[in-house]
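Asker:
There are 2 protein chains.
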Amino acid sequence: MNASGNKGRTLERAFDVLRALENARSPIRLSEVSRETGLHIATAQRIMATLVGSGYAQTSENGYTLGPVALAQAHAFVLQDPLVKAARPVLTELSDSTGLTASIFVRSGFDRILTARVEAPEPMRYQFPIGRRLPLDVGAGKPLLAHLTDEELQEYLEDYPGVRLASGEHQTSESLRAELSEIRESGYHLGVSERVLGTVSVAAVVRSARGEAAGVLNIVAHDDTVSVDTLRRRIPEVLRAAELIGQQI
Amino acid sequence: MNASGNKGRTLERAFDVLRALENARSPIRLSEVSRETGLHIATAQRIMATLVGSGYAQTSENGYTLGPVALAQAHAFVLQDPLVKAARPVLTELSDSTGLTASIFVRSGFDRILTARVEAPEPMRYQFPIGRRLPLDVGAGKPLLAHLTDEELQEYLEDYPGVRLASGEHQTSESLRAELSEIRESGYHLGVSERVLGTVSVAAVVRSARGEAAGVLNIVAHDDTVSVDTLRRRIPEVLRAAELIGQQI
DNA sequence: CAATGCCTCTCACTGAGTGATAGTTGCTCT
DNA sequence: AGAGCAACTATCACTCAGTGAGAGGCATTG
Chain F
78 MNASGNKGRT LERAFDVLRA LENARSPIRL SEVSRETGLH IATAQRIMAT
128 LVGSGYAQTS ENGYTLGPVA LAQAHAFVLQ DPLVKAARPV LTELSDSTGL
178 TASIFVRSGF DRILTARVEA PEPMRYQFPI GRRLPLDVGA GKPLLAHLTD
228 EELQEYLEDY PGVRLASGEH QTSESLRAEL SEIRESGYHL GVSERVLGTV
278 SVAAVVRSAR GEAAGVLNIV AHDDTVSVDT LRRRIPEVLR AAELIGQQI
Chain D
78 MNASGNKGRT LERAFDVLRA LENARSPIRL SEVSRETGLH IATAQRIMAT
128 LVGSGYAQTS ENGYTLGPVA LAQAHAFVLQ DPLVKAARPV LTELSDSTGL
178 TASIFVRSGF DRILTARVEA PEPMRYQFPI GRRLPLDVGA GKPLLAHLTD
228 EELQEYLEDY PGVRLASGEH QTSESLRAEL SEIRESGYHL GVSERVLGTV
278 SVAAVVRSAR GEAAGVLNIV AHDDTVSVDT LRRRIPEVLR AAELIGQQI
C-alpha cells in the first residue's frame, strides 16, 4: 500500500489512512481501516485519534469519515494554485467559444484530479465534480500518461490489466502505449466514448514555462450534439488555450 | 501553535504545516513555514518533502502551496458526510421558500467551516465559497459558540480581544457572553450587519439525535431587500429545518 | 566579494511511535 | 441469561524513526 522507501513513515501511514477514508463511500470502521492499510490496529487507532483531533477525520454513528478540514484545505487550494488561477479565464473563454464544458486535471499518483471546470450552458451537473479522482488510462488522462518519465510509465504499464472502454473496445497495454506516442507527437488526444459512452473529447497537456507537464486541459461534448469532425476542428483552439495557460505558470 | 499534549507529535506538526500553507494567500518559503510553525528548519523541510511526495503540498516557482489531494479529499467529504447529505435537500427547500441563501457551517477548532450552501436566485457568487473558514464570534458562529462545553468556552473567552462588528458596534467578551446565553434559551440567533455590512441573518444549531451540536444552519439576506422584521418571521422555519436535519444524523 | 538569506544534507542521540497483549464494551445467537 | 464473537481501547517495554544542531551549497544583494 505504501510505495515509499521509508521516509516519514508515520506521516505516510496517516496519509494511507486518509486515502482509505477517501475511498470509502460510507463510514468505515477502525478494523476496516486497519485491514485496508495493513496497519496494526493499535497503530491505526492512534493515527485515527490524531486525525479526529485535528478535524481531518470524524467519527459518526458507525465508523469514521473524512472531516471538514479537507474542505478548508481545498478552498485554500483553489485560491492559491497557480494553474487553477491561470486556467480559469481561459477555460471560461474556451467554454464560451465552443459551447462546451472545459476542464483542467492534474496528475496525482496514478490518478488525475479535476481541479478546475467551466460548465457548458446545459450543465447536466450530477454532483459537485471538482476534486473528483479519475483514472489516467482513459480520456484526458492519456496526455498525462504520455508525459510521464520513462521509469514512471514503465511502472504504470508493468502490470496494466487493460480496460474495456465505454465504446466496447478493449484497451491493452500495447494499444495504449502506441496511442501515447501518437499523443507525444501530435500534442493532443481525441477520445470517443472512452470513459463515458456517447462522449467525445479533446485534451492537451499544459506545459509550464519550464517545460514540465503541469496538467491537462480538455473539452467534452455529447456525440449526439457534436460530431467528431466538428470537435476535430476545435483542436487548434484547445492547443492554443493550453499553451496560453502554460505561459502563465 | 500546537496546543496538544504531545500525542502524535509528528502528525500534528505536519498538520501545523498544512495549516500554515492554508493560511497563505500565495506560495510561502520554507523558512516562513518554519517561522510560522515554530519548527526547526530541518524538521519543516523533512515534513514538507513528505507532503509534496504525497500531493498534499506542491512546490511552485517561489515557495510551497497546497497540493491537489486536498481537493480529492474535499470531494469525498461532501459525498460521505452525513450532515451535508442530510442538509442538502432541506437547504434547497428552505432556499426556495425564502428566496435566500441557506448554508451549513461546522465547527473546526475555533473556526467554522462552510460545508454546504444553496444559493439564492441572484447568486452574487464571488468565489467558490464552500470550505471557507470564518470566525465563531460573529453571525452564524455564535450558536456554535453557545453550545461549546464550559471549558472550551472558557478557553475561548479567556483572551478574547473583542471585535468591531460591521455595524460599527464593538463586541466585548461580556456582551458576547450575554448574547450566547440568550441564544441558548431561544435556540436561534438573529444577526444584523455583524460580519458583513448590510446583511441580516438567522441561524440555529443543528442537534444530532444524540443531542450534540453538529453544526449551524443559517439564512442570509441583504437588508435593502429584506427587512429585519420580515426575516424574523422566518425564524420558525429555520428552527424546523435545523431540527429536521438533526433528526437524520 | 563579503554578507546575507534560503535551502539541503549529514549524523549521533533519544524519546515518540510501535505493536503484542490484555482488558472492555456491546452485539448476536442459542 | 450467558456464551461467544467482534470491534474497540488501554498498557507498556523496546527500538528505530524522527529530531535538530551543524556544516555546506547556492543565489541574490550591497
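Residue numbers (this note's numbering), protein chains in the order written: chain F, 78 to 326; chain D, 78 to 326. Beta carbons are placed, not taken as given, at the ideal position from N, Cα and C, and that holds for glycine.
1) Taking buried to mean at least 16 other C-beta atoms within 10 Å of its own C-beta, is ASP173 (chain D) buried or exposed?
2) Report the residues of the stretch 204-225 of chain D with a CB closer than 9 angstroms to any CB of chain F, ordered along the chain.
3) Just mark GLN324 (chain F) as buried or exposed, buried being the case when its beta carbon has 16 or more other beta carbons within 10 Å.
4) Flag ASP301 (chain F) as yes if its beta-carbon sits less than 9 angstroms from any beta-carbon of chain D, otherwise no.
5) Does the distance from the CB of ARG409 (chain D) to the CB of PRO212 (chain D) come in under 9 angstroms?
6) Counting only beta-carbon atoms, is LEU88 (chain F) nearer than 9 angstroms to chain D?
7) Is it buried or exposed for MET78 (chain F), if we count other Cβ within 10 angstroms and need 16 for buried?
8) Answer yes or no: does any C-beta atom of chain F fall closer than 9 angstroms to that of VAL195 (chain D)?
9) Using only the alpha-carbon positions, how far apart do ASP306 (chain F) and ILE296 (chain F) sit?
10) Whose CA, out of F:ASP214, F:GLU262, F:ARG254, lies closest to the CA of LEU242 (chain F)?
11) With which residues is TYR141 (chain F) paired in a DSSP beta bridge?
12) Chain D beta carbons: is any one of them nearer than 9 angstroms to that of GLU99 (chain F)?
13) Quick check: ALA318 (chain F) and LEU168 (chain F), are their CB atoms within less than 9 angstroms of each other?
14) With a cut-off of 8 angstroms on the beta carbons, I'd call GLU99 (chain D) and GLN150 (chain F) a contact; round off their distance for me.
15) Less than 8 angstroms between C-beta atoms, sequence neighbours within five positions excluded: which residues of the same chain meet that for LEU143 (chain D)?
16) Using a Cβ cut-off of 8 angstroms, pull out every chain F residue sitting near THR127 (chain D), in sequence order please.
17) Pull out every residue of the stretch 147-175 of chain D whose Cβ sits closer than 8 angstroms to any Cβ of chain F, in chain order.
18) Going by the DSSP bridge assignment, what does ARG165 (chain F) pair with across the sheet?
19) Using a Cβ-Cβ cut-off of 9 angstroms, state whether GLU138 (chain D) counts as contacting chain F.
20) Buried or exposed: which applies to GLY115 (chain D), given that a residue is buried once 16 or more other Cβ atoms fall within 10 Å of its Cβ?
21) Does any CB atom of chain F fall closer than 9 angstroms to the CB of MET78 (chain D)?
22) The beta strand (DSSP E) that contains VAL183 (chain D), what's its start and end?
23) Leaving aside the five residues before and after GLY216 (chain D) along the sequence, list all residues of the same chain whose C-beta is less than 6 angstroms from its C-beta, in chain order.
24) Relative to the C-alpha of THR90 (chain F), which candidate in D:GLY130, D:GLU113, D:GLY275, D:SER103 has its C-alpha closest?
25) Starting from the C-beta of HIS299 (chain D), find all residues in its chain whose C-beta is less than 7 angstroms away, skip the five residues before and the five after it, and write them out in chain order.
26) Would you grab the beta carbon distance between GLY85 (chain D) and ARG310 (chain F) for me? Rounded to a whole angstrom, and I think it's under 8 angstroms.
27) Answer yes or no: the CB of PRO313 (chain F) versus the heavy atoms of the ligand NAP, is any distance below 8 angstroms?
28) Roughly how many angstroms lie between the CA atoms of THR175 (chain F) and ASP93 (chain F), to the nearest whole one?
29) Tell me which residue opens and which closes the beta strand (DSSP E) that ASP188 (chain F) is part of.
30) So the candidates are F:SER263, F:TYR265, F:ILE326, F:LEU316; which of them puts its Cα closest to the Cα of ALA286 (chain F)?
31) Which value, in whole angstroms, describes the spacing of the CA atoms of TYR237 (chain F) and SER103 (chain F)?
32) What ranges does the beta strand (DSSP E) occupy inside the stretch 205-280 of chain F, keeping only unbroken runs of at least 3 residues that lie completely in it?
33) For a cutoff of 9 angstroms on Cβ pairs, would you count THR142 (chain D) as touching chain F?
34) Starting from THR192 (chain F), find everything on chain D with Cβ-Cβ shorter than 8 angstroms and list it in chain order.
35) Below 8 angstroms on C-beta distance, what does LEU95 (chain D) contact in chain F?
36) What is the DSSP secondary structure of ALA80 (chain D), counted as helix, strand or coil?
Answerer: Quick answer:
1) exposed
2) GLN204, PHE205, PRO206, ILE207, GLY208, ARG209, ARG210
3) exposed
4) no
5) Nothing about residue 409 (chain D) can be reported from this structure: the residues present for chain D run from 78 to 326 only.
6) yes
7) Note that MET78 (chain F) has pLDDT 41, beneath the 50 cutoff, so the model's placement of it is unreliable and the number below is only indicative. Exposed.
8) no
9) 14 angstroms
10) F:ASP214
11) F:ILE105, F:THR136
12) yes
13) yes
14) 6 angstroms
15) LEU95, LEU98, GLU99, TYR133, ALA134, GLN135
16) LYS84, GLY85, LEU88, GLU89
17) ALA147, LEU148, ALA149, GLN150, ALA151, HIS152, ALA153, PHE154, VAL155, LEU156, GLN157, ASP158, PRO159
18) DSSP, once it has assigned bridges, lists no residue as partnering ARG165 (chain F).
19) yes
20) exposed
21) Here MET78 (chain D) scores only 42 on pLDDT, less than 50, and its place in the model should not be relied on; the value that follows carries that caveat. So, not an interface residue.
22) 178-185
23) GLY268, GLU271, ARG272, SER278
24) In the sequence as presented, Thr is not what sits at residue 90 (chain F); that position holds Arg. For the residues D:GLY130, D:GLU113, D:GLY275, D:SER103, the minimum Cα distance to ARG90 (chain F) belongs to D:GLY130.
25) GLY275, THR276
26) Contact flag wrong, Cβ pair sits at about 56 angstroms.
27) By its list of ligands, the structure shown contains no ligand whatsoever, and the ligand NAP lies outside what it can speak to.
28) 40 angstroms
29) 188-195
30) F:ILE326
31) 29 angstroms
32) 210-212, 266-269
33) yes
34) PRO145, LEU148
35) GLN150
36) Per-residue confidence for ALA80 (chain D) stands at a pLDDT of 42, beneath the threshold of 50, marking its modelled position as unreliable; no derived number is given.
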